[in-house]
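Trainee: Residue 498 in my numbering sits at position 490 of the sequence shown; the count goes up by one each step and never skips.
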Amino acid sequence: MTVEVQIVSKALHEAETEILVLTIFQDTLRNLGYLSELDQKLNGKLSRMIESKEIQGKYREFTILHLDGPGPKRLLVMGLGQQKDFSIDRVRSIAANSARYARRIRVSEIAIHDFSEYAVSPHDCASALIEGVLMGMYRFDKYKTQKKNSEKKLKKIKIIASEGAQIEALRVGAEKGKNLAESTNFVRDLVNEPANYLTPVRFAEYAQEVAEAEGLEIQILGPEELEREGMGAFLAVARGSEEPPRMVVMRYQGNPGGKTLGLVGKGVTFDSGGYDIKPSPSMLRMHGDMAGAAATLGAVRAIAHEKLALNLVAVMPLAENLINGRAYKPSDILTSMSGKTIEMLNTDAEGRLLLCDALTYIQKYHQPDVLIDIATLTGAAIVALGRTVSAVLSNDDTLYTDLFKAGEYTGERVWRLPLYEEYRSQLISDVADIESVGGRSAGTITAAMFLKEFIDPDRAWLHLDIAGTAVMEEEIARYVKTPYIPKEGGTGTGTRLLYTFAENFARKA
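1) Taking the Cβ atom as the reference point for each residue, do A303 and G502 lie within a distance shorter than 8 angstroms?
2) Using the Cβ count rule (16 or more neighbours within 10 Å means buried), how would you classify Y492?
3) Within 10 angstroms of the Cβ of P78, are there 16 or more other Cβ atoms? Answer buried if so, exposed if not.
4) Straight-line CA distance for T452 to L198?
5) Going by Cα to Cα distance, which pick from E482, F509, A182 and A246 is closest to T499?
6) Short of 6 angstroms in beta carbon distance, which residues of its chain neighbour R424, apart from the five on each side in sequence? Order them along the chain.
7) Assign I63 to one of three DSSP states: helix, strand, or coil.
8) Beta carbon of V323, beta carbon of V276: below 8 angstroms?
9) How many Å lie between T454 and A475 at the Cα?
10) Tell me which residue opens and which closes the alpha helix (DSSP H) that M457 is part of.
11) Output yes or no for whether 8 angstroms exceeds the beta carbon distance between A182 and S17.
12) Just to confirm before moving on: does the CB-CB distance between A241 and I341 stay below 8 angstroms?
13) Do M345 and Y373 have their C-beta atoms closer together than 8 angstroms?
14) Count the other C-beta atoms from every protein chain shown that fall within 10 angstroms of the C-beta of D41, then say buried if there are 16 or more, exposed otherwise.
15) Counting Cβ pairs closer than 8 angstroms, one from the region 188 to 195 and one from the region 263 to 272, do we hit at least three?
16) Suppose contacts are defined by Cβ-Cβ distances below 8 angstroms. Is R100 in contact with G140 by that definition?
17) Tell me the DSSP bridge mates of K166?
18) So the candidates are Q371, D438 and L385; which of them puts its Cα closest to the Cα of L361?
19) Measure the C-alpha to C-alpha separation of E213 and A366 and round it to an integer number of angstroms.
20) Determine, using beta-carbon pairs with one atom in the region 56 to 70 and one in the region 79 to 86, whether at least three such pairs fall under 8 angstroms.
21) On a CA-only basis, which of V308, K413, N329 and I331 is nearest V321? Give me that one, please.
22) Is S60 buried or exposed, if buried means 16 or more other CB atoms sit within 10 Å of its CB?
23) At what residues does the alpha helix (DSSP H) containing S135 begin and finish?
24) Quick one: Cα of V439 to Cα of L353, how far?
25) Whose C-beta lies closer than 6 angstroms to the C-beta of D297 among residues of the same chain, with five residues either side of it excluded?
26) Is it true that the CB of Y260 sits closer than 8 angstroms to the CB of N319?
27) Along the chain, where does the beta strand (DSSP E) that runs through I463 open and close?
28) Is the beta carbon of P253 closer than 8 angstroms to that of L234?
29) Buried or exposed: L305, going by 16 or more other Cβ atoms within 10 Å of its Cβ?
30) Could you check what DSSP says for R247 in three-state terms: helix, strand or coil?
31) Any chance the region 172 to 181 sits against the region 202 to 222, with 3 or more Cβ pairs inside 8 angstroms?
32) By how many angstroms is the C-alpha of E237 removed from the C-alpha of Y487?
33) Go through the region 324 to 377 residue by residue and report every complete run of the beta strand (DSSP E) that reaches 3 residues or more, in order.
34) Can you give me the C-alpha to C-alpha distance between A110 and V180, rounded to a whole angstrom?
35) Roughly how many angstroms separate the alpha carbons of L178 and C133, rounded to a whole number?
36) Is DSSP giving S288 helix, strand or coil here?
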């Protein structure tokens with residue numbers, strides 16, 4: 009969806025648009041502030057609606073006013089709730105709800121005021137507005153032969169800049185928001201692609217297209233190269249499928265001589281569970297088990313497009329986990345790239361096998377100063393934290409704190425679980441260096457403890473488990489009421505989170 013973004017410097021009552029979106033706090037209704045001049049032009053209509061409690065300012069409340077004459081044809085007054093609860097994420101949500109309303113009544117443009125009276129920077133506000141609109145309008149209908157043509161497409165978004173507004177900051181912020189939203193929607197598309205279309209080879213082709221568009225270095229390793237590197241864990245998973253594995257390595261140099269951020273994303277393009285096969289209902293959405301690799305690719309795209317001043321290397325191991333006569337089996341002993349041997353106790357714990365070899369590879373050849381891996385790794389993360397927060401485990405307090413702050417800012421929230429050494433005892437093997445799984449208890453933690461075995465002792469490392477947040481389902485969407493998140497399918501989780509972390513990393517690097 010191509011949408012034009014404009015910054016327009018005009019009085020609100022002069023804004024020529026089909027819908028003008030305005031916001032109001034619940035606890036400052038009597039003080040109209042930036043709405044005072046508009047209210048006068050409307051002969052006190054807003055004031056009267058506040059007096060009659062037609063407008064109360066409650067969060068998610070919206071009121072429609074139809075207008076005659078020049079200027080906006082409609083006002084959409086959105087409640088922001090209490091001032092103390094205001095956040096940049098509410099700006100995103102307001103924008104998403106506004107865009108969805110516009111789609112419902114079939115208009116092609118909306119205008120939104122610039123939030124200049126609120127305690128947010130114009131740059132951040134403009135970014136959040138555009139993120140909310142574009143992410144809120146997302147749909148995956150690529151394979152529908154009869155699309156919803158009755159709906160008029162949104163073609164233009166105007167941000168109405170107040171007098172004295174920082175126009176350039178609004179413009180730059182809007183461009184950034186467009187980049188982040190488009191990158192997130194790109195990731196959603198990848199996660200929603202069915203496995204018969206998005207194979208490891210096709211994913212690598214998408215990565216090649218991103219590299220060419222953004223001027224990135226890219227290397228794509230096939231089975232022979234993986235074999236030469238000794239990636240016995242990764243290749244064990246791939247053996248069960250006719251689709252050949254790939255490992256994508258991408259490099260972005262935005263600060264030669266500066267620090268390097270490393271990203272590793274799990275890319276299982278379909279997960280049947282292998283010989284420890286999943287029940288049918290659990291297999292239905294397993295084309296989305298590559299959401300970690302997708303988020304990594306989306307973050308790389310956004311970072312390179314924004315030309316952040318850091319160095320980045322990203323590794324995405326890609327394979328299917330299926331069953332044939334060559335597929336790996338429970339109790340197999342595998343030799344990883346690191347040389348460590350792994351007793352394979354459950355073939356449905358395949359993601360950590362891709363990750364352990366990819367983590368070894370990125371450290372051996374690229375030595376990142378900070379290393380983050382992201383994966384839909386454990387159902388235990390859903391049990392622990394539900395569908396609104398991703399699990400984080402890290403050996404570095406500062407690294408976690410920085411990611412936590414990025415999560416609070418983007419709305420992609422995270423929460424830390426411990427990495428106490430006692431959990432390592434659950435992975436002790438009698439026949440190999442380590443077991444692949446640690447039993448039923450503390451599954452997210454023991455999965456991270458397994459990965460930690462492949463991290464250099466002095467490396468700042470963080471593991472991000474997005475099993476609960478990467479894909480949305482209709483019944484879950486009833487209580488995850490975030491309007492810029494689709495009710496069904498890929499959410500794009502991790503893309504804006506990793507970008508925002510990288511943006512702050514660049515300032516320090």
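Using N, Cα and C, we set each Cβ at its ideal position, and we do this for glycine too.
Mentor: In short, the structure shows the following:
1) Translated into positions along the sequence shown, residue 303 becomes position 295. Translated into positions along the sequence shown, residue 502 becomes position 494. For A303 and G502, yes; Cβs fall inside 8 angstroms.
2) Against the sequence shown, residue 492 aligns to sequence position 484. Label assigned to Y492: buried.
3) For this step, residue 78 is matched to residue 70 along the sequence shown. It counts as exposed.
4) For the purposes of this step, residue 452 is taken as residue 444 along the sequence shown, with counting starting at 1. For the purposes of this step, residue 198 is taken as residue 190 along the sequence shown, with counting starting at 1. If you take the alpha carbons of T452 and L198, they lie about 25 angstroms apart.
5) Looking up residue 499 in the sequence shown gives position 491. For T499, the nearest C-alpha among the options comes from E482.
6) Taking the sequence shown and counting its residues from 1, the one referred to as residue 424 is at position 416. Around R424: V400 and Y408.
7) Here residue 63 corresponds to residue number 55 of the sequence shown, with the count starting at 1. Here I63 sits in coil by DSSP.
8) In the sequence shown, residue 323 corresponds to position 315, counting from 1. In the sequence shown, residue 276 corresponds to position 268, counting from 1. Going by C-beta atoms, V323 is not nearer than 8 angstroms to V276.
9) Taking the first residue of the sequence shown as 1, we reach residue 454 at position 446. Taking the first residue of the sequence shown as 1, we reach residue 475 at position 467. Approximately 15 angstroms, taken between the alpha carbons.
10) Here the question's residue 457 lines up with position 449 in the sequence shown. Here the alpha helix (DSSP H) through M457 covers G451 to K460.
11) On the sequence shown, position 174 is the one that residue 182 refers to. On the sequence shown, position 9 is the one that residue 17 refers to. No, the Cβ-Cβ distance between A182 and S17 is not below 8 angstroms.
12) As a position in the sequence shown, residue 241 is number 233, starting the count at 1. As a position in the sequence shown, residue 341 is number 333, starting the count at 1. It is not a contact, given that the beta carbons lie outside the stated cut-off.
13) As a working note, residue 345 is residue 337 in the sequence shown. As a working note, residue 373 is residue 365 in the sequence shown. Judged by beta-carbon spacing, Y373 lies beyond the 8 angstroms limit of M345, meaning their Cβ atoms are not closer than that value.
14) Sequence index remark: in the sequence shown, residue 41 carries index 33 (1-based). According to the sequence displayed, residue 41 carries Gly and not Asp. Burial call: exposed.
15) Contact fails: fewer than three Cβ-Cβ distances are below 8 angstroms.
16) Position 92 of the sequence shown holds residue 100. Position 132 of the sequence shown holds residue 140. The answer is yes: Cβ separation under 8 angstroms.
17) Start at 1 with the first residue of the sequence shown, and residue 166 comes out as number 158. K166 has Q14 and A119 as its beta-bridge partners, per DSSP.
18) Here residue 361 is taken as the residue at index 353 of the sequence shown, counted from 1. The residue from Q371, D438 and L385 with its alpha-carbon nearest to that of L361 is L385.
19) In the sequence shown, residue 213 corresponds to position 205, counting from 1. In the sequence shown, residue 366 corresponds to position 358, counting from 1. C-alpha separation (whole angstroms): 19 angstroms.
20) They touch, by the three-pair rule.
21) Within the sequence shown, the letter at position 313 stands for residue 321. It is V308 whose Cα lies nearest to the Cα of V321.
22) Start at 1 with the first residue of the sequence shown, and residue 60 comes out as number 52. Exposed, by the Cβ-count rule.
23) Taking the sequence shown and counting its residues from 1, one reaches residue 135 at position 127. Start and end: P130 to G144.
24) Translated into positions along the sequence shown, residue 439 becomes position 431. Translated into positions along the sequence shown, residue 353 becomes position 345. Rounded to the nearest whole angstrom, the C-alpha separation of V439 and L353 is 12 angstroms.
25) Counted from its first residue, the sequence shown places residue 297 at position 289. Sequence-distant Cβ neighbours of D297 in its own chain, meaning closer than 6 angstroms and more than five residues away, are V276, D279 and T384.
26) Here residue 319 refers to the residue found at position 311 when the sequence shown is read from its first residue. Here residue 260 refers to the residue found at position 252 when the sequence shown is read from its first residue. For N319 and Y260, yes; Cβs fall inside 8 angstroms.
27) On the sequence shown, residue 463 is found 455 positions in, with the first residue counted as 1. Where I463 is concerned, there is no enclosing beta strand (DSSP E), given that its DSSP letter is neither H nor E.
28) Translated into positions along the sequence shown, residue 234 becomes position 226. Translated into positions along the sequence shown, residue 253 becomes position 245. Taking 8 angstroms as the Cβ cut-off, L234 and P253 qualify as a contacting pair.
29) Position 297 of the sequence shown, counting from 1, holds the residue named residue 305. The residue in question, L305, is buried, as its Cβ has 16 or more Cβ neighbours within 10 Å.
30) Numbered from 1 along the sequence shown, position 239 holds the residue referred to as residue 247. Correct three-state label for R247: coil.
31) Output reads no: the region 202 to 222 does not touch the region 172 to 181.
32) Within the sequence shown, the letter at position 479 stands for residue 487. Within the sequence shown, the letter at position 229 stands for residue 237. Spanning the alpha carbons of Y487 and E237 requires a straight line of approximately 46 angstroms.
33) Whole beta strand (DSSP E) segments, 3+ residues: 341 to 343 and 349 to 351.
34) Working through the sequence shown from its first residue, we reach residue 110 at position 102. Working through the sequence shown from its first residue, we reach residue 180 at position 172. Approximately 25 angstroms between the Cα atoms of the pair.
35) What you label residue 178 is simply residue 170 of the sequence shown in a count that begins at 1. What you label residue 133 is simply residue 125 of the sequence shown in a count that begins at 1. Answer to the nearest angstrom: the Cα atoms are 8 angstroms apart.
36) Mapped onto the sequence shown, residue 288 falls at position 280. In the structure shown, S288 falls within a helical segment according to DSSP collapsed to helix, strand and coil.
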